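J.: If you use my numbering, the sequence shown corresponds to residues 1 to 188, in order. Here it is, the structure in full.
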Amino acid sequence: MSQLDALIVKVDDRLANPGDMLSLNGHIDQKSFSLGDHDFTLPKGIDYDLVLTNAGEGILVTGIVKAQADGVCDRCLDPAHLDLSGEVDEYFLFEEPQKVYEDEADEEEGVDFSLVSDDETIDVADAVLAALLMETPYIVLCREDCKGLCPTCGTNLNEEDCGCAATREEQQILEGPFAALGTLDLND
Ligand SMILES: [Zn+2]
Ligand SMILES: [Zn+2]
């Protein structure tokens, strides 16, 4: 269930021989994507700048994917803006590799690779999306030092100091283990 539409590239004469390279850049008019519980909108879609290389046994796809993603800050719930720039590194083999040995447990742990389709095309959409997801943080913040919301009154502490934190500290001192010292009358 890919979030991106297929991005099919024909492996044609330009990539016929080992060492042949093909630049591929463009724009995907993708509106959004999600990672875990986070949804992001992509006001400017996704830009990619890739190089396809015939590496002998397959097509190596490398390059950069860029997108501006808008989400919601986990701490203060204000909009959070992310500038994402991810690296693509994907290998599409011409043929499924011969298995050197049979291992029944191999299915899930096997090396991840893609294949060039029988119609001599590759779909680089998953590689583009993976590059973006790699760069997307699991904790989304509007800014690195976001102060978040006051747990007592809900004020956005980036915008104003509601004073609750100071009150809490005072209370902790009053109720803390040394509180009794404050009430001792040392002159008596
Ligand atoms: Zn925030
Ligand atoms: Zn407060």
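Each residue gets a CB set at the ideal place from its N, CA and C atoms; glycine is no exception. Please read these numbers as outputs of a predicted model, since none were measured by experiment.
How about the stretch 120-132 and the stretch 51-66: do they share at least three Cβ pairs that are nearer than 8 Å?
T.: Flag = yes, the stretch 120-132 and the stretch 51-66 touch.
J.: Report all residues for which the CB-ligand distance to some heavy atom of ligand 1 is below 7 Å; order them along the chain.
T.: Ordered along the chain, the selected set is C73, R75, C76, D78, A80, L141, C142, R143, C146, G148 and N158.
J.: Which parts of the stretch 70-158 are runs of the alpha helix (DSSP H), unbroken and 4 residues or longer, counting only runs that do not cross its ends?
T.: Counting whole runs of 4 or more residues, the stretch 70-158 contains the alpha helix (DSSP H) stretches 106-109 and 125-135.
J.: Suppose the cutoff is 6 Å on Cβ atoms and the five residues either side in sequence are ignored; what does the same chain contact list for E135 look like?
T.: Position 135 of the sequence shown holds residue 135. So the list reads L84 and G86, once near-sequence residues are dropped.
J.: CA-CA distance, N25 and A125?
T.: Against the sequence shown, residue 25 aligns to sequence position 25. Against the sequence shown, residue 125 aligns to sequence position 125. N25 and A125: Cα-Cα distance of roughly 13 Å.
J.: So, are the CB atoms of H81 and D74 less than 8 Å apart?
T.: For this step, residue 81 is matched to residue 81 along the sequence shown. For this step, residue 74 is matched to residue 74 along the sequence shown. For H81 and D74, no; Cβs fall outside 8 Å.
J.: Quick one: is the Cβ of T152 within less than 7 Å of any heavy atom of ligand 2?
T.: Locating residue 152 in the sequence shown gives position 152, counting from the first residue. The answer is yes for T152.
J.: Could you check what DSSP says for L7 in three-state terms: helix, strand or coil?
T.: To locate residue 7, count along the sequence shown from 1; it is residue 7. Three-state result, L7: coil.
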